[in-house]
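Protein chains in written order, with numbering that gives the first Met the number 0: chain A, 0 to 265; chain B, 0 to 339.
Below: the structure, in structure tokens.
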Amino acid sequence: MRRLLLGTAVAAAATAALAFLVLPVAAIFLRVPPGKLIHQLSSPLVTDALIVSIKTSAIAQALILLFGTPLAYVLATRRFRGHSLLVTLVELPLVLPPAVAGLGLLALFGRSGLLGTSIPFTQTAVVLAVAFVASPLYIRQAIAAFEAVDPNLVAASRTLGAGPVRTFFRVVLPLSRGGLAAGEALAFARGLGEFGATIMFAGSLQGVTQTLPLAVYQAFAINLDTALAIGALLVVVSAVLLVVLKLVLSWQPSRRTSSFLFARST
Amino acid sequence: MATLSADFELPLRSFDLRLALDVERTVALVGPSGAGKSSVLRAIAGLVRPSGRIALDGEVWLDESTFRLPEDRRVGLVFQEYALFPHLTVERNVAFGGKARVGELLERFRISHLAHARPGELSGGERQRVALARALARDPGVLLLDEPLSALDAHTKDTVRLELQELLQSFDLPTLIVTHDYEDAAALAGTVGVLVEGELRQLGSPADLVSQPSDPFVASFTGANLLRGHVTSVEDGLTGVRLDTGEIVYSTDPALGEVGVVVYPWDVSIGRVHADDSALNLIHGEIGSLSRVGNRVRVRVGPVTAEVTTASAERLELAQGGVAVASFKATGTRLVPLAG
Numbered sequence: 000m001r002r003l004l005l006g007t008a009v010a011a012a013a014t015a016a017l018a019f020l021v022l023p024v025a026a027i028f029l030r031v032p033p034g035k036l037i038h039q040l041s042s043p044l045v046t047d048a049l050i051v052s053i054k055t056s057a058i059a060q061a062l063i064l065l066f067g068t069p070l071a072y073v074l075a076t077r078r079f080r081g082h083s084l085l086v087t088l089v090e091l092p093l094v095l096p097p098a099v100a101g102l103g104l105l106a107l108f109g110r111s112g113l114l115g116t117s118i119p120f121t122q123t124a125v126v127l128a129v130a131f132v133a134s135p136l137y138i139r140q141a142i143a144a145f146e147a148v149d150p151n152l153v154a155a156s157r158t159l160g161a162g163p164v165r166t167f168f169r170v171v172l173p174l175s176r177g178g179l180a181a182g183e184a185l186a187f188a189r190g191l192g193e194f195g196a197t198i199m200f201a202g203s204l205q206g207v208t209q210t211l212p213l214a215v216y217q218a219f220a221i222n223l224d225t226a227l228a229i230g231a232l233l234v235v236v237s238a239v240l241l242v243v244l245k246l247v248l249s250w251q252p253s254r255r256t257s258s259f260l261f262a263r264s265t
Numbered sequence: 000m001a002t003l004s005a006d007f008e009l010p011l012r013s014f015d016l017r018l019a020l021d022v023e024r025t026v027a028l029v030g031p032s033g034a035g036k037s038s039v040l041r042a043i044a045g046l047v048r049p050s051g052r053i054a055l056d057g058e059v060w061l062d063e064s065t066f067r068l069p070e071d072r073r074v075g076l077v078f079q080e081y082a083l084f085p086h087l088t089v090e091r092n093v094a095f096g097g098k099a100r101v102g103e104l105l106e107r108f109r110i111s112h113l114a115h116a117r118p119g120e121l122s123g124g125e126r127q128r129v130a131l132a133r134a135l136a137r138d139p140g141v142l143l144l145d146e147p148l149s150a151l152d153a154h155t156k157d158t159v160r161l162e163l164q165e166l167l168q169s170f171d172l173p174t175l176i177v178t179h180d181y182e183d184a185a186a187l188a189g190t191v192g193v194l195v196e197g198e199l200r201q202l203g204s205p206a207d208l209v210s211q212p213s214d215p216f217v218a219s220f221t222g223a224n225l226l227r228g229h230v231t232s233v234e235d236g237l238t239g240v241r242l243d244t245g246e247i248v249y250s251t252d253p254a255l256g257e258v259g260v261v262v263y264p265w266d267v268s269i270g271r272v273h274a275d276d277s278a279l280n281l282i283h284g285e286i287g288s289l290s291r292v293g294n295r296v297r298v299r300v301g302p303v304t305a306e307v308t309t310a311s312a313e314r315l316e317l318a319q320g321g322v323a324v325a326s327f328k329a330t331g332t333r334l335v336p337l338a339g
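Laid out in structure tokens, this is it:
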């Protein structure tokens with residue numbers, strides 16, 4: 000009897016949790032008919048935001064890869080005093096409230112900030128805000144991926160006549176590819192959804208700094224259907240990213256160098 | 000043949016590694032794990048930077064003012080677990096060292112049929128051949144082998160050791176092998192050094208190390224006699240081996256061709272006259288050397304070394320130059336295949 004009761008309780012809790020996670024996402028699609036959703040996507044508010052999001056995301060992610068990869072490699076392969084402190088500092092933006100991140104960027108790049116620039120409330124500010132909050136996700140994954148490469152393989156490459164650069168591109172990079180891709184996918188998803196730091200540091204100017212999440216917020220005040228349409232678009236993009244990520248990870252099960260990010264869908 | 004000379008000092012975690020060694024043909028360093036063996040190879044390959052001097056003939060790789068990076072030293076280092084690139088095929092692993100001779104090397108190491116396989120699909124012996132082919136593809140001036148046989152199971156080890164020995168003979172390169180297994184060292188190299196806690200305790204031929212160990216540790220570590228010869232008869236489950244020194248000894252191990260007869264010094268008895276017992280193998284000869292090791296004495300008679308207690312040695316009045324009979328049972332021997 001007690002076992003039956005326990006079983007029922009567990010099943011009820013699981014069902015409730017599942018419904019709680021699935022239904023809000025489903026509601027976005029169920030509230031408005033699909034035809035109307037697609038029609039809403041052609042409004043200037045949406046197309047402008049889409050262009051801003053694509054452009055700033057692309058630039059921010061390129062910067063994350065370009066600067067984050069060397070940093071991750073150094074942190075993964077060198078041991079020095081203050082190493083753990085440095086890793087923690089790199090991870091800090093991840094747990095920082097986004098509004099605080101925006102505030103920090105203002106304090107550094109603002110006209111009266113430490114560097115005194117005119118970056119705030121420009122598209123560059125969007126790029127910086129996205130890069131700031133999203134890069135730790137990539138760097139963390141990249142450190143783990145690089146650390147998982149057998150140091151003997153690097154040594155073997157060197158004794159076979161390959162210098163450090165050739166060794167990196169022909170041995171380290173191919174072997175850590177899966178982990179790097181996973182980290183980049185996470186950083187991309189995080190950057191695409193960036194809201195708090197962007198609105199603090201870049202504002203929400205249509206066609207300039209208004210990204211899709213900011214457009215959702217603005218549309219919400221004017222026309223709920225438009226907000227829902229953008230929401231649906233973001234859900235689709237995020238879902239595609241998640242599926243791609245899972246495929247990337249399951250393609251290389253033996254070479255996967257990252258710890259479990261998501262349950263494997265098998 | 001070129002000569003690799005190494006004379007360096009490298010601080011390790013719990014002791015300093017000090018080594019002065021010239022490698023002309025094949026030298027094996029043997030020692031317990033943690034003795035600094037792998038560090039010797041890493042220092043020669045340039046993966047760590049010791050202080051001292053390392054040179055291949057006139058080409059200085061390391062001295063006070065020089066430190067050549069690994070990619071600028073002509074070394075072929077074969078790692079303990081072979082360190083094959085898991086994301087590359089066999090062919091591309093070999094080509095990583097140098098593209099010029101890939102086809103020839105695949106042919107020579109009998110791995111042409113595996114050209115498109117990945118390392119994960121290969122057996123231990125095949126992996127070793129790929130690792131050797133890859134190391135040779137860069138056309139090295141010296142070959143370094145880290146525990147070449149330890150990644151193999153006992154069953155394939157004999158075959159692979161024989162293969163490796165034949166290959167080493169054909170390379171004509173100064174070769175330094177490190178291993179924890181004295182028998183492998185004795186089978187593969189003409190000169191064996193015993194490395195303990197970063198220090199080279201003794202360097203000599205395998206026979207010298209067994210008959211005249213410099214201290215009890217070397218004595219306990221060097222283990223067996225390895226007597227080279229070839230099989231001349233196989234009858235009634237007994238294999239007759241004519242040793243290179245002329246004697247014929249028998250073993251219950253089956254084998255053909257060139258072999259090493261392995262017998263432990265403590266399984267060999269020494270007498271002044273031929274004792275009439277069950278030992279089938281008798282070697283008459285002059286006592287070549289007597290070495291005291293703790294409370295025991297190593298006695299070399301002809302090619303074989305026996306270990307007897309000090310009391311027995313005194314009772315038999317053994318002396319260098321005297322005549323003695325060494326006897327050991329056919330069942331106390333093992334045969335390992337060797338290259339001719």
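Here a beta-carbon is modelled for each residue, glycine too, at the ideal position from N, C-alpha and C.
| query | result |
| --- | --- |
| Closest Cα partner of S169 of chain B within the set B:T25, B:A325, B:G320 | B:T25 |
| Cβ pair G51 of chain B, L40 of chain B closer than 8 Å | no |
| C-beta atoms of K328 of chain B and S288 of chain B nearer than 8 Å | no |
| Helix, strand or coil at Y181 of chain B according to DSSP, with G and I counted as helix | helix |
| Cut-off 6 Å between Cβ atoms - residues of its own chain near T190 of chain B, not counting five sequence neighbours on either side | V26 |
| Sequence ranges, beta strand (DSSP E) only - wholly within the region 237-302 of chain B, length at least 3 | 237-242, 247-250, 257-262, 268-270, 280-292, 295-300 |
| Supposed contact pair G35 of chain B and G197 of chain B - C-beta distance, whole angstroms, cut 8 Å | 4 Å |
| Rounded separation between G23 of chain B and A338 of chain B - CA only | It is worth fixing the name first, because residue 23 of chain B is Glu in this sequence and not Gly. Computed Cα separation, rounded: 19 Å. |
| Reference P215 of chain B, options B:H154, B:Q319, B:D183, B:R297, closest by Cα | B:R297 |
| Host alpha helix (DSSP H) of D157 of chain B (start-end) | 153-170 |
| Contacts around A218 of chain A, its chain only, beta-carbon distance under 7 Å, and the 5 residues preceding and following it disregarded | L44, T225, A226, I229 |
| Simplified DSSP state of N151 of chain A, which is helix, strand or coil | helix |
| CB contact below 8 Å: A150 of chain B versus chain A | no |
| Outcome for R80 of chain A when other beta-carbon atoms lying within 10 angstroms are tallied against a minimum of 16 | exposed |
| Chain A contacts made by the region 80-112 of chain B, where a contact means CB separation under 9 Å | E80, Y81, A82, L83, F84, P85, H86, L87, F95, G96, G97 |
| DSSP state of V207 of chain A mapped onto helix, strand, coil | coil |
| Contact with chain E by G162 of chain A, beta-carbon distance below 8 Å | Looking at the structure shown, chain E is missing, and the protein chains on hand are A and B. |
| Chain A contact residues for E70 of chain B, given Cβ-Cβ distances below 7 Å | R157, G160, A161, G162 |
| Cutoff 8 Å: V170 of chain A Cβ touching any chain B Cβ | yes |
| Identified DSSP bridge partners for A323 of chain B | B:G284 |
| Top-ranked residue by Cα proximity to S64 of chain B, from B:R48, B:L76, B:R73, B:E106 | B:R48 |
| Contact residues within the region 126-137 of chain B, judged by C-beta distance below 9 Å to chain A | A130, R133, A134, A136, R137 |
| Test: A154 of chain A CB closer than 8 Å to a CB of chain B | yes |
| Contacts that F66 of chain B makes with chain A (C-beta to C-beta distance below 8 Å) | Neighbours of F66 of chain B on chain A: none; closest Cβ ~13 Å, over 8 Å. |
| Neighbour flag for L174 of chain A against chain B, beta carbons, 8 Å | yes |
| Three-state secondary structure assigned by DSSP to R157 of chain A | helix |
| Check whether L334 of chain B and S232 of chain B have beta carbons under 8 Å apart | no |
| Assigned secondary structure, P336 of chain B (DSSP; H/G/I helix, E/B strand, else coil) | strand |
| Cutoff 8 Å: V74 of chain B Cβ touching any chain A Cβ | yes |
| Pair within 8 Å by beta-carbon distance, A254 of chain B and P336 of chain B | yes |
| Opening and closing residue of the beta strand (DSSP E) in which S122 of chain B lies | S122 of chain B -> no beta strand (DSSP E), and no H or E assigned at all. |
| Collapsed DSSP secondary structure at F66 of chain B in the structure displayed | strand |
| Sequence-distant residues of the same chain with beta carbon closer than 8 Å to L70 of chain A, five excluded per side | V89, I138 |
| Contacting residues, own chain, Cβ-Cβ under 7 Å from A54 of chain B (five flanking each side not counted) | S4, W60 |
| Pairwise C-alpha distance: L232 of chain A and V243 of chain A | 17 Å |
| CA-to-CA distance, T116 of chain A to A155 of chain A, given in whole angstroms | 48 Å |
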